[in-house]
Amino acid sequence: MPSEIVHTIGCTAYSVFAILFLWMSRVPRTNSGPGWWAGAMAFALAARLAYQLLLDQTDLAEAVFAYAALVAVEKTLLAIGLVEFLGLKLRHRWFWGALLLAEAWVVIGWLSDIQPIARSVGLAVFNAGFLGYVAWTAFRHRSEIPHHLLLLTAAASAMLVVHWMSAFLIFQAFPNWRVTGFLLGTVLVLVQYLSLLAAVLAEFQRRLVQAEANALDMAFQDPLTGLNNQRYMNTLFEKALVLANRPHQYSAVIFIDLDNFKPINDLAGHHAGDEVLRTVANRLRRCTRSTDICARIGGDEFVVICTQLEATEQVGDIATKLLGELIAPIAVEDKRFVLGASIGISLYPIHGNSLAELLEHADKAMYQIKRSGKNGYRIYSDQPSQTSAGPADR
Ligand SMILES: Nc1nc2c(ncn2[C@@H]2O[C@H](COP(=O)(O)OP(=O)(O)OP(=O)(O)O)[C@@H](O)[C@H]2O)c(=O)[nH]1
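Structural data, given as structure tokens:
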């Protein structure tokens with residue numbers, strides 16, 4: 001393949017990559033890795049162009065000098081970009097120091113009449129060193145980015161190390177290999193940057209999914225207790241309620257309102273009240289199944305939904321267990337608080353088919369307990385004589 005075609009392909013690809021990296025570096029709250037790589041691509045492009053232009057106008061030595069000086073900067077920016085992208089704690093001054101040495105070597109090689117092979121070896125060692133660092137770092141952090149993208153970066157970088165360390169020897173023996181060498185180098189550089197481009201996109205995607213999950217959590221979670229909230233129940237649970245049960249099974253909607261919670265706030269402060277609410281939430285979680293739903297729907301109001309009950313009588317045992325948990329003293333700092341709970345229960349599908357209906361009935365049953373002296377449970381019934389009640393009525 002003629003060298004013009006190789007260079008045209010290289011220059012076009014590097015321009016596109018530089019623009020893409022630049023665009024990525026402008027995405028809000030992205031890290032500065034892509035910005036460095038945009039710079040690296042710009043220098044790789046400049047190196048190509050300078051080489052091509054000088055080769056046409058002057059001699060090979062000048063073209064090689066310009067190419068070497070610019071490519072050394074590209075490798076430095078590539079390595080710094082990786083450090084920034086992975087958030088590694090490594091000072092940039094080491095990279096700039098190494099670049100300074102390489103540039104000094106290139107200039108000395110240009111001004112003095114040292115052997116071209118010695119010039120090439122110096123530059124190859126520098127470039128191979130930086131590429132080796134990139135390969136090793138990408139390999140070490142390969143699990144941080146999905147789809148093995150950093151493994152691809154590591155592989156391409158390692159092959160570029162071999163390429164740089166062997167190219168000058170091959171050029172000595174076979175001068176015509178220069179175009180093939182350039183083509184090979186270009187392909188490897190493109191694979192290297194393509195994998196980094198894909199890594200940046202994968203990172204964007206990961207952050208997007210994470211942000212979406214956080215937003216969902218925030219929308220459906222009570223921030224104080226970490227339980228689900230009313231919106232969660234309204235949005236998601238109605239369908240789940242129907243799906244959860246097999247024929248002849250029941251679900252129970254258990255509405256819990258704490259008794260005498262307000263005095264805790266009044267006497268010990270809001271933060272003590274908050275701590276009590278958190279403890280109540282933990283106890284509810286502890287004594288329900290992982291498939292049950294626990295939600296805080298108001299100040300001191302909670303709802304527990306138990307699915308797949310085999311018999312309606314089971315719900316009495318559950319309510320008794322919940323009451324036992326809730327009346328146990330709660331210690332906050334050096335104080336102990338004893339609460340009660342008024343619990344109203346409705347059963348799906350006996351007392352309703354929609355969550356709204358079931359909640360309304362459970363709420364009614366809860367108020368009956370409140371009115372009859374608090375601290376107990378009642379299963380809803382539209383016929384007062386058939387209500388079943390727990391401890392408060394004893
Ligand atoms: N600490 C704290 N208090 C809250 C929060 N949300 C609501 N409250 C308070 O909780 C109290 C609930 O009121 P009530 O249900 O009447 O209190 P109660 O003493 O349990 O009354 P009964 O149910 O009749 O026993 C109110 O004083 C609210 O200000 C919260 O997030 N943290």
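Per full-length UniProt numbering, the very first residue in the sequence shown carries number 1; after that it's consecutive. Each residue gets a CB set at the ideal place from its N, CA and C atoms; glycine is no exception.
Candidates the options, of which the one nearest residue i by Cα
i	options	result
A135	L326, S157 and H7	S157
V304	T279, I254 and V315	I254
F21	A47, Y193 and A252	Y193
K374	E360, P349, A154 and S342	S342
T288	L326, F130 and G132	L326
V189	A40, P175 and V27	A40
K321	R285, L49 and S251	R285
L169	P329, N31, I117 and V106	I117
F85	R278, V107, E103 and W37	W37
N282	I318, C306, F237 and G226	G226
S195	S25, A328, L323 and L149	L149
Other residues of its chain near residue i: CB distance less than 6 Å, five sequence neighbours each side excluded
i	result
V73	F43
G109	R119
S354	none
D300	L258 and F261
A63	Y51, L54 and L55
R278	T225
Sequence-distant residues of the same chain with beta carbon closer than 7 Å to residue i, five excluded per side
i	result
I114	none
S15	L45
F95	T76, A79 and I80
H147	A202
A13	L190
L358	V253, S346, Y348, H351 and G352
A102	A72, L123 and F126
I19	none
Y67	A47, A50 and Y51
Any non-hydrogen atom of ligand 1 closer than 7 Å to residue i Cβ
i	result
D363	no
G35	no
L355	no
G224	According to the sequence shown, residue 224 is Leu rather than Gly. Checking the Cβ of L224 against ligand 1 gives yes.
H248	no
H141	no
F337	no
G344	no
N375	no
Y258	The question names Tyr, but residue 258 is Leu in the sequence shown. Answer for L258: yes, Cβ within range of ligand 1.
L326	no
R370	Reading the sequence as shown, one finds Lys at residue 370 and not Arg. Yes, Cβ of K370 sits closer than 7 Å to a heavy atom of ligand 1.
F261	yes
L323	no
L267	no
Span of the beta strand (DSSP E) around residue i
i	result
K374	Run containing K374: none; DSSP gives neither H nor E here.
T307	E301 to L309
I330	I330 to V332
Bridge-paired residues (DSSP) for residue i
i	result
G340	D259
I293	I305
Y250	L309
I345	I254 and I379
K89	Looking at the DSSP assignment, K89 forms no beta bridge with any residue, so it has no partner.
K335	V332
Residues near residue i by beta carbon distance below 8 Å, same chain, minus five either side
i	result
T387	Because T387 carries a pLDDT of 48, less than 50, the predicted location of this residue cannot be relied on, and the following value inherits that uncertainty. Excluding positions up to five away in sequence, the list reads A365, Q368, R378, I379, Y380 and S381.
I9	T186
R231	A219 and F220
T235	F220
K335	A268 and A272
A124	W164, M165, A167 and F168
G129	A98
S385	Any reading at S385 must be qualified, since the residue scores a pLDDT of 49, below 50, and its modelled position is unreliable; the value itself is stated next. So no residue of the chain qualifies.
Extent of the continuous alpha helix (DSSP H) to which residue i belongs
i	result
I318	Q314 to I327
I5	S3 to S25
T235	Premise fails: T235 is in no alpha helix (DSSP H) and is neither H nor E.
P34	G33 to Q57
P116	P116 to R140
R93	R93 to L111
Y380	Element bounds for Y380: n/a, residue is neither H nor E.
G226	Run containing G226: none; DSSP gives neither H nor E here.
Q205	W177 to F220
E74	L60 to F85
H270	H270 to R286
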